[in-house]
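Okay, so here's the structure we're looking at.
Chains as they are written, first to last, in the working numbering: chain A, 2 to 91; chain B, 2 to 91.
If you want it as structure tokens, here you go:
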């Protein structure tokens with residue numbers, strides 16, 4: 002992939018991320034990778050499904066990867082958190 | 002797949018599901034599909050990652066699918082909920 006086109010999922014409303022994906026596909030290229038960690042993983046799946054079912058019916062899911070990332074918490078301890086990357090293509 | 006070997010993720014502690022996966026792989030066959038809906042999707046990813054990182058390092062992720070299911074809620078209305086299926090192989 003030449004230019005990585007990524008939407009990170011946090012705690013904003015789902016629609017914000019749907020719009021980010023649609024805008025990104027219009028302006029930056031044919032694929033977008035949606036990334037999330039921890040509890041936001043469920044939201045990432047919602048975002049991709051809503052974008053596909055309501056806005057871009059031609060959207061295809063190219064790849065889904067899950068993994069574990071090491072994060073340093075505020076008290077300096079390292080904790081593991083699950084992650085997901087969903088790559089979609091218009 | 003001849004016999005479908007499925008672990009459904011709900012609100013029990015993560016370790017319960019890890020044990021279910023390990024037992025299933027010992028007794029029923031080489032692959033298990035881990036399924037979850039809605040908020041439990043994040044837990045499903047945690048369960049697979051913990052099983053792989055702590056108990057079965059050889060576990061490979063064969064396939065990940067996401068989708069939308071229609072559920073009837075208690076008031077009779079239909080609502081959409083996101084789902085995930087993660088197939089792992091020992």
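Where a beta carbon is used, it is the ideal one built from N, C-alpha and C, also for glycine.
Alpha carbon of residue i to alpha carbon of residue j, nearest angstrom
i	j	result
residue 61 of chain A	residue 26 of chain B	31 Å
residue 59 of chain B	residue 19 of chain A	36 Å
residue 78 of chain A	residue 55 of chain A	42 Å
residue 76 of chain A	residue 82 of chain A	16 Å
residue 13 of chain B	residue 53 of chain B	19 Å
residue 36 of chain B	residue 29 of chain A	34 Å
residue 15 of chain A	residue 80 of chain B	16 Å
residue 72 of chain A	residue 5 of chain B	36 Å
residue 40 of chain A	residue 74 of chain A	16 Å
residue 17 of chain B	residue 57 of chain B	15 Å
Integer Cβ distance of residue i from residue j, believed to fall under 8 Å
i	j	result
residue 34 of chain B	residue 86 of chain B	5 Å
residue 23 of chain A	residue 8 of chain A	Contact flag wrong, Cβ pair sits at about 10 Å.
residue 67 of chain A	residue 44 of chain A	So it is not a contact: roughly 15 Å between Cβ atoms.
residue 38 of chain A	residue 70 of chain A	6 Å
residue 91 of chain B	residue 31 of chain B	6 Å
residue 51 of chain B	residue 89 of chain B	The pair is not a contact, with the Cβ atoms about 12 Å apart (cut-off 8 Å).
residue 42 of chain B	residue 65 of chain A	Not a contact, Cβ separation roughly 12 Å.
DSSP-derived helix/strand/coil call for residue i
i	result
residue 5 of chain A	coil
residue 75 of chain B	coil
residue 83 of chain B	strand
residue 40 of chain B	coil
residue 58 of chain A	coil
Beta bridge counterpart(s) of residue i as assigned by DSSP
i	result
residue 88 of chain A	A/34 and A/64
residue 70 of chain B	B/82
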